[in-house]
Every structure is written in structure tokens, then in C-alpha cells.
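Residues in the sequence shown are numbered consecutively from 1, following the UniProt record's numbering. Backbone N, C-alpha and C fix where the C-beta goes; we use that ideal spot for every residue, glycine too.
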Amino acid sequence: MPTAKRRAGWRKSTYSDQGNGCVDVDFTSDGVEIRHSQIPNSIVITFTITQWSRWICEVITGEPTNANGAVDVSVAPNAWTVRERTTGHTLIFTDAEWRAFQLGAADGQFDPTHPSITEALAEAS
1 MPTAKRRAGW RKSTYSDQGN GCVDVDFTSD GVEIRHSQIP NSIVITFTIT
51 QWSRWICEVI TGEPTNANGA VDVSVAPNAW TVRERTTGHT LIFTDAEWRA
101 FQLGAADGQF DPTHPSITEA LAEAS
């Protein structure tokens, strides 16, 4: 019988306004998942921890090089589009949503080694 995936729980940047959307992030025993916080039943894009680490560096610098192995990011006026390479699943975020995510990432809020995340995963087991 396969082991159930442990989850830390969905979280968004503390820079995101309560009523506004943002990149919703969940750390799991298998890697990292994102979705749009305003659409809880939206598609989910998955990353391995290695892909996530590469991507979060791209997010923080604001320069999507698309060398992370998981997603391609394209930018248009007020639209940050994240497309998963293997499935084609796509999420679109506004400039404000993306900026909140970027600021949270720069603060280490989405670091998989952060104690709050490792503790949440341990409690889920």
C-alpha cells in the first residue's frame, strides 16, 4: 500500500492582502505544489525540491530564466503566467499577486528548510 503524501498545508505570502489572491504554496513529502489562492480547486503545479530551489531563485531576482526544469514563466502587462512543462497546466497571477509572492520568497517564507515547514510536515506524518 502506498504511503499517503504528507502536507505542510497551503500558505501564501504574508505580503498578500487578505482579500487578494496570491501564489498558494504547499510543501509535501514529495516536493512543492502551487495553485492560485483565490481558486482553491484550481489546477496544481508540482516541483521537486531541486526544481523549487532553482525556481525560487528566479522569482526572487525577478528574472525568469526558465532554467528550473519545471515551469516556464512569461510576463505580459499585469499577467505573470506560470506553465508547467510536463502537463501544460497554467496559472496566471496579477502584478500585485506576483509581487507579494516575490517579497515572501525573498524573506524565506517558502524555504523548505524553514522550521515552520519542517515541523508541519513532521506533524502530518
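Using the beta-carbon count (16 or more within 10 Å), is D17 buried or exposed?
exposed
Within a Cβ cutoff of 7 Å, which residues of the same chain sit near M1, ignoring the five residues on either side of it in sequence?
Its pLDDT being 49, under 50, M1 is placed unreliably in this model, and the value from its coordinates should be taken loosely. Closer than 7 Å at the Cβ level, and outside the excluded window around M1, lies no residue.
What is the C-beta distance between A96 and I60, in whole angstroms, given that I count them as a contact (C-beta under 8 Å)?
That pair is no contact at about 17 Å.
Please report the distance separating the alpha-carbon of E123 from that of T28.
Going from the Cα of E123 to the Cα of T28 covers about 12 Å.
Please list the terminal residues of the continuous alpha helix (DSSP H) segment that includes F101.
Where F101 is concerned, the enclosing alpha helix (DSSP H) stretches over D95 to A106.
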